[in-house]
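Chains P and X supply the protein sequences, listed in that same order. Sequential numbering from 102 applies to the first sequence in my numbering. Sequential numbering from 102 applies to the second sequence in my numbering.
There are 2 protein chains.
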Amino acid sequence: MRILIVEDDTMLSQTIQAVLEKEGFSVDAVTDGASGVDYILLNVYDLVILDVMLPVQDGYQVARTVRAKGCGTPILMLTARSAVDDRIDGLNAGADYYLPKPFDVRELLACVHALLRRQGGQVDTLVYGNTALELASSTLICGDRRMRLSAKEFDVLRLLLQSGGNNLSKEHILTCVWGYDSEAVENHVEVYVGFLRKKLRSIGSNVRIEAIRRLGYHLEVDGA
Amino acid sequence: MRILIVEDDTMLSQTIQAVLEKEGFSVDAVTDGASGVDYILLNVYDLVILDVMLPVQDGYQVARTVRAKGCGTPILMLTARSAVDDRIDGLNAGADYYLPKPFDVRELLACVHALLRRQGGQVDTLVYGNTALELASSTLICGDRRMRLSAKEFDVLRLLLQSGGNNLSKEHILTCVWGYDSEAVENHVEVYVGFLRKKLRSIGSNVRIEAIRRLGYHLEVDGA
DNA sequence: CAAATTTTTCAGCACTGTTTCAGCATTCTG
DNA sequence: CAGAATGCTGAAACAGTGCTGAAAAATTTG
Chain P
102 MRILIVEDDT MLSQTIQAVL EKEGFSVDAV TDGASGVDYI LLNVYDLVIL DVMLPVQDGY
162 QVARTVRAKG CGTPILMLTA RSAVDDRIDG LNAGADYYLP KPFDVRELLA CVHALLRRQG
222 GQVDTLVYGN TALELASSTL ICGDRRMRLS AKEFDVLRLL LQSGGNNLSK EHILTCVWGY
282 DSEAVENHVE VYVGFLRKKL RSIGSNVRIE AIRRLGYHLE VDGA
Chain X
102 MRILIVEDDT MLSQTIQAVL EKEGFSVDAV TDGASGVDYI LLNVYDLVIL DVMLPVQDGY
162 QVARTVRAKG CGTPILMLTA RSAVDDRIDG LNAGADYYLP KPFDVRELLA CVHALLRRQG
222 GQVDTLVYGN TALELASSTL ICGDRRMRLS AKEFDVLRLL LQSGGNNLSK EHILTCVWGY
282 DSEAVENHVE VYVGFLRKKL RSIGSNVRIE AIRRLGYHLE VDGA
């Protein structure tokens, strides 16, 4: 995670930098508004800590400028001016958080983490062999080939993936997917395993669903 | 934009609600922590305003609970306790902003806007494929062809655009567009998806609304 | 108030996913 | 080895979802 500090008080700037680096961030620092704008627009930072009182261009202008250019990097605004109107101006200029000086270092860190938390957000998938199952969309992925699974197909495959190569009895799959007291019979599982095998093959997966007589099914990776 | 207020002081709650509604937001309010959690987890709100001092479960617990369940709705935390440690606790519990009482209404609004900006991005049009949705005028744009959307059409499409290709269940669309406890049934969503498809086609968009059986809808770009 | 637009309702069609079933293949058992 | 049990597969029947067009109801606009 890269953080940019825009602050003309070099003592303070260095302190913050040290603290953040200790937390594992990669930190750059500049001392005036104009360079601040240039650096922010590089679009390589995950967060900007921006002082309001700056030479050349003040923090409000910096925020407004980069926002106007469509830059969405989160901005944590820092300042000694703590009047309500200043805070409102800061937020309206495009800042994401307004922290009045003097502040506690721990509070700064909490803010930084809160702002960065928002950045994340990746899709979760189950992976096995050269193949992945994207949970949100019930999609089977192998390289650049994608294939959608039906609800039951998805349930069965997810179960197999989650048990990571371990054996699952048809009984067990039946109760998990079709429910505790359903009419469903073991052939249902066999049919769906058939469907899944066909789909896995058709997208070039190296994952096989192996049957063991009387015991059930489990996953294996081809050529291993 | 839907906002949830979790605040036991009903006077204050109603004041905030009035202000926000005047700004054009759709606002719900609950008065204790436990219901707060339930409502937030519906995942239909764009922002939560959360008081710290609450019956049943305090604001910190509420924030921690919903975050633990993977809910990413922005939280604006509101409280009379303004000691540094309280602020740090709030942020670490999963809040996105900490606003000490008493606060200026304009400051609250500035915070709300700052937090929401991040959601939709600071944009007035949402773009997908060769097509754009102009928020201010509810207009669909593709090349030089323009088409007006009705209120509900707009809401549904905006939701789909904001989730950027991710899947949304009919349930979810229903609660977001028609509200938590409305008579609306899933066929409503189907009908509106039909309307939108027709309009998208008629202006030559390459954006398709794809249905996944049992799962819901999501956007895709033709020929990709 | 009338006209136009938007929203809701509803019935029937089309399609996809699910279940059923019969026959074949394979493995196990005595 | 024969017969039984188990697993696999394709075809057909069935059920549930989603789609659509038309019309009624509600709402907005002129």
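Heads up, the beta-carbon is just placed ideally off N, CA and C, and yes, glycines get one too.
Notebook entry, point to check: Where are the beta strand (DSSP E) runs, 3 residues long or more, that stay fully inside the region 213 to 240 of chain P, in chain order?
Noted result: 226 to 229, 232 to 235
Next item on the list: Would you mind listing the alpha helix (DSSP H) stretches within the region 110 to 158 of chain P that are 4+ residues and don't spill past its ends, in chain order?
Entry: 111 to 123, 134 to 142
Check: chain X beta carbons: is any one of them nearer than 7 Å to that of Q223/P?
Finding: Residue placement at Q223/P is flagged as unreliable, the pLDDT there being 47, under the threshold of 50; the coordinate-derived value follows with that caveat. Not an interface residue.
Check: Between which two residues does the alpha helix (DSSP H) harbouring I274/P extend?
Finding: 271 to 279
Item checked: Opening and closing residue of the alpha helix (DSSP H) in which T166/X lies -> 160 to 169
Check: What's the call for I313/P, buried or exposed, on a 16-neighbour Cβ count within 10 Å?
Finding: exposed
Next item on the list: Could you check how far apart the C-beta atoms of N307/P and G230/P are, in whole angstroms? I think they sit under 8 Å.
Entry: 5 Å
Next item on the list: Using only alpha-carbon positions, find the residue among Y199/P, P201/P, G137/P, T166/P that is nearest to E108/P.
Entry: G137/P
Next item on the list: With DSSP collapsed to three states, give me the class of G189/P.
Entry: One detail in the question is off: residue 189/P reads as Ile in this sequence, not Gly. Reduced to three states, the DSSP call for I189/P is helix.
Note to self: List, in chain order, every chain P residue whose beta-carbon is nearer than 9 Å to that of D159/X.
What the structure shows: Per Cβ cutoff of 9 Å: no residues; D159/X is ~18 Å from chain P at best.
Margin query: Do D159/P and V153/P have their beta-carbon atoms positioned less than 7 Å apart in this structure?
Written below: yes
Next item on the list: Give the range of the beta strand (DSSP E) segment to which G317/P is assigned.
Entry: 317 to 322
Item checked: Cross-chain neighbours of A68/X in chain P, by beta carbon under 7 Å -> Residue 68/X lies beyond the stretch modelled for chain X, which goes from 102 to 325, so this question has no answer here.
Margin query: Are the CB atoms of V185/P and V120/P within a distance shorter than 7 Å?
Written below: no
Next item on the list: Please confirm if S238/P has its CB atom under 7 Å from at least one CB of chain X.
Entry: yes
Notebook entry, point to check: Under the three-state reduction of DSSP, which class applies to R249/P: helix, strand or coil?
Noted result: strand
Margin query: Within 8 Å, do at least three Cβ pairs link the region 167 to 183 of chain P to the region 191 to 202 of chain P?
Written below: yes
Check: Does the Cβ-Cβ distance between L216/P and P175/P come in under 7 Å?
Finding: yes
Checklist line | Alpha-carbon spacing of L269/P relative to T240/X, whole angstroms | finding: 53 Å
Item checked: Span separating the alpha-carbon of V257/P from that of C277/P -> 9 Å
Item checked: Burial state of Q223/P (16 or more Cβ within 10 Å) -> Unreliable placement is indicated for Q223/P, whose pLDDT of 47 sits below 50; the coordinate value is still reported in the next sentence. The residue is exposed, with fewer than 16 neighbouring Cβ atoms inside 10 Å.
Notebook entry, point to check: Roughly how many angstroms lie between the CA atoms of Y140/X and G280/X, to the nearest whole one?
Noted result: 12 Å
Notebook entry, point to check: Under a Cβ-count criterion, where at least 16 other Cβ atoms within 10 Å of its own Cβ denotes burial, should L262/P be classed as buried or exposed?
Noted result: buried
Item checked: Beta-carbon neighbours of Q153/P, restricted to chain X and to distances below 8 Å -> First, the residue type needs correcting, since residue 153/P is Val and not Gln in the sequence shown. Going along chain X, no residue has its Cβ under 8 Å from V153/P, so there is no contact; the nearest lies around 15 Å.
Checklist line | Endpoints, the alpha helix (DSSP H) within which V294/X is located | finding: 287 to 303
Check: In this structure, does DSSP put A196/P in helix, strand or coil?
Finding: coil
Item checked: Partners in chain X for D185/P, counting only beta-carbon separations shorter than 7 Å -> Contrary to the premise, residue 185/P reads as Val rather than Asp in this sequence. Within chain X, the residues near V185/P are D205, E208.
Notebook entry, point to check: Do you know offhand how far G125/P's Cα is from A164/P's?
Noted result: 26 Å
Notebook entry, point to check: Taking 7 Å as the CB-CB cut-off, is A312/X touching chain P?
Noted result: no
Next item on the list: Give me the Cα-Cα distance between R249/P and D129/P, rounded to the nearest whole angstrom.
Entry: 45 Å
Margin query: Do A252/X and I242/X count as a contact pair if the criterion is CB distance below 7 Å?
Written below: no
Notebook entry, point to check: Helix or strand or just coil, what does DSSP make of A184/P?
Noted result: coil
Next item on the list: For S251/P, go through chain X and note every residue whose CB falls closer than 9 Å to its CB, in chain order.
Entry: R314, R315
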